[in-house]
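Participant:
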Amino acid sequence: MPNWIWIFIILAGGLFVLKMAYALSVALVLPVTKGALYVSTSNVRIAAFMEAVPMKTAQLLVDLGCGDGRVLRKARKTYGVRAIGFELNPLAYLSARVACLGTSSVEIRFQSFWKADLSKADIVFCYLFPDVMKPLANKLRSELKPGAVIVSCNFVLPDMVPERVLRPGNSLHNDPIYIYRIREVKAELKR
Ligand SMILES: C[S@@+](CC[C@H](N)C(=O)[O-])C[C@H]1O[C@@H](n2cnc3c(N)ncnc32)[C@H](O)[C@@H]1O
């Protein structure tokens with residue numbers, strides 16, 4: 000057989016194995032992720048929300064379902080924040096671990112974010128799925144500290160009013176990005 004046929008078979012076989020691994024890893028966690036597939040946020044959208052939400056070095060950013068960890072790496076690089084990502088999809092988790100090798104202060108946890116305590120987070124990022132947004136809103140409201148910022152790509156948090164809605168640039172990246180803030184408790188109310 001000519002060499003080019005071997006090369007074609009190897010490339011097509013590799014692609015097939017990758018596709019199967021993707022489908023399998025998505026199917027495996029579907030009962031928990033409820034439709035939030037392993038799809039990455041584009042760099043244009045990440046840059047847009049990072050410009051709108053300035054962060055301080057001492058702050059903690061959490062990505063609920065971090066995929067390959069790109070949001071965490073970008074935030075670390077841009078603002079020097081500490082960053083934690085939760086991921087259950089084995090393929091996404093491995094990609095994130097590999098991609099974040101050598102990036103300090105970025106931690107990837109193979110864990111469902113539903114079991115995580117988010118009380119120390121200053122900024123929470125998520126790009127999930129409508130079915131989980133209602134329970135997620137309840138969790139965020141009960142756990143996050145006053146002043147914490149939530150960034151939700153594409154999907155609203157029911158019963159919460161966004162502080163800002165971004166629609167980054169061109170039609171490819173134009174889906175809304177909702178920015179919420181947990182209300183500060185007014186000093187006089189505390190008294
Ligand atoms: C649309 S992707 C977003 C990836 C990344 N945040 C980004 O914006 O590039 C959603 C990810 O959330 C993960 N996920 C969904 N529910 C999860 C859960 N309960 N715990 C951990 N990860 C979860 C999925 O496996 C998937 O990789």
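Residue numbers (numbering that gives the first Met the number 0): 0 to 190. Yeah, the Cβ is synthetic: ideal placement off N, Cα and C, and Gly gets one too.
Which residues in the same chain as Ser41 place their Cβ atom closer than 6 Å to its Cβ, once the five residues preceding and following it in sequence are excluded?
Facilitator: The sequence position of residue 41 within the sequence shown is 42, counting from 1. Taken in chain order, the residues that qualify are His172.
Participant: Considering only residues of the same chain and omitting the five flanking positions on each side of Val90, which have a CB-CB separation below 7 Å?
Facilitator: Here residue 90 refers to the residue found at position 91 when the sequence shown is read from its first residue. Per the sequence shown, the amino acid found at residue 90 is Leu instead of Val. Same-chain partners within the cutoff: Ala20, Tyr21, Ser24, Tyr37.
Participant: Do the CB positions of Lys33 and Phe128 come within less than 7 Å of each other?
Facilitator: The residue you call residue 33 lines up with position 34 of the sequence shown. The residue you call residue 128 lines up with position 129 of the sequence shown. Yes.
Participant: In the DSSP assignment, what residue or residues form a beta bridge with Arg180?
Facilitator: The residue given as residue 180 occupies position 181 in the sequence shown. Arg180 is bridged to Val148.
Participant: Does the separation of the CB atoms of Cys99 and Tyr126 fall below 7 Å?
Facilitator: As a working mapping, residue 99 is identified with position 100 in the sequence shown. As a working mapping, residue 126 is identified with position 127 in the sequence shown. Not in contact: Cys99 and Tyr126 (Cβ atoms no closer than 7 Å).
Participant: Should Ala115 be counted as a contact of ligand 1 given a C-beta to heavy atom distance under 6 Å?
Facilitator: If you number the sequence shown from 1, residue 115 lands on position 116. Incorrect: Ala115 has no Cβ contact closer than 6 Å to ligand 1.
Participant: What runs of the alpha helix (DSSP H), each 4 residues or longer, lie entirely inside the stretch 26-56?
Facilitator: DSSP runs (the alpha helix (DSSP H)) wholly in the stretch 26-56: 42-51.
Participant: My parser needs the beta strand (DSSP E) runs of 3 or more residues fully inside the stretch 49-124; what are they?
Facilitator: Counting whole runs of 3 or more residues, the stretch 49-124 contains the beta strand (DSSP E) stretches 59-63, 81-85, 105-108.
Participant: Classify Phe15: buried if its beta carbon has 16 or more other beta carbons within 10 angstroms, exposed otherwise.
Facilitator: Working through the sequence shown from its first residue, we reach residue 15 at position 16. Exposed: under 16 other Cβ atoms inside 10 Å.
Participant: Which one of Glu183, Val148, Lys138 has the shortest CA to CA distance from Gln58?
Facilitator: In the sequence shown, residue 58 corresponds to position 59, counting from 1. Measuring from the Cα of Gln58, the nearest candidate turns out to be Val148.
Participant: Assess contact between the stretch 71-82 and the stretch 132-142, defined as three or more Cβ pairs (one per stretch) separated by less than 8 Å. Is contact present?
Facilitator: No, the stretch 71-82 is not in contact with the stretch 132-142.
Participant: By a C-beta neighbour count over all protein chains shown, 10 Å radius and 16 as the cutoff for buried, is Ala11 buried or exposed?
Facilitator: Along the sequence shown, read from residue 1 onward, the residue named residue 11 stands at position 12. Ala11 should be labelled exposed.
Participant: Let's see if you can read the secondary structure: which residues bound the alpha helix (DSSP H) around Leu165?
Facilitator: The residue labelled residue 165 in the question sits at position 166 within the sequence shown. No alpha helix (DSSP H) contains Leu165, which is instead part of the beta strand (DSSP E) from 163-165.
Participant: Secondary structure at Pro134, three-state DSSP: helix, strand or coil?
Facilitator: For the purposes of this step, residue 134 is taken as residue 135 along the sequence shown, with counting starting at 1. Pro134 falls in the helix class under three-state DSSP.
Participant: Tell me whether Arg72 is buried or exposed, calling it buried when 16 or more other Cβ atoms sit within 10 Å of its Cβ.
Facilitator: The residue given as residue 72 occupies position 73 in the sequence shown. By the neighbour-count rule (16 or more Cβ atoms within 10 Å), Arg72 is buried.
Participant: Closer than 6 Å to a non-hydrogen atom of ligand 1 - does that hold for the CB of Thr102?
Facilitator: On the sequence shown, position 103 is the one that residue 102 refers to. Thr102 Cβ: outside cutoff for every heavy atom of ligand 1.
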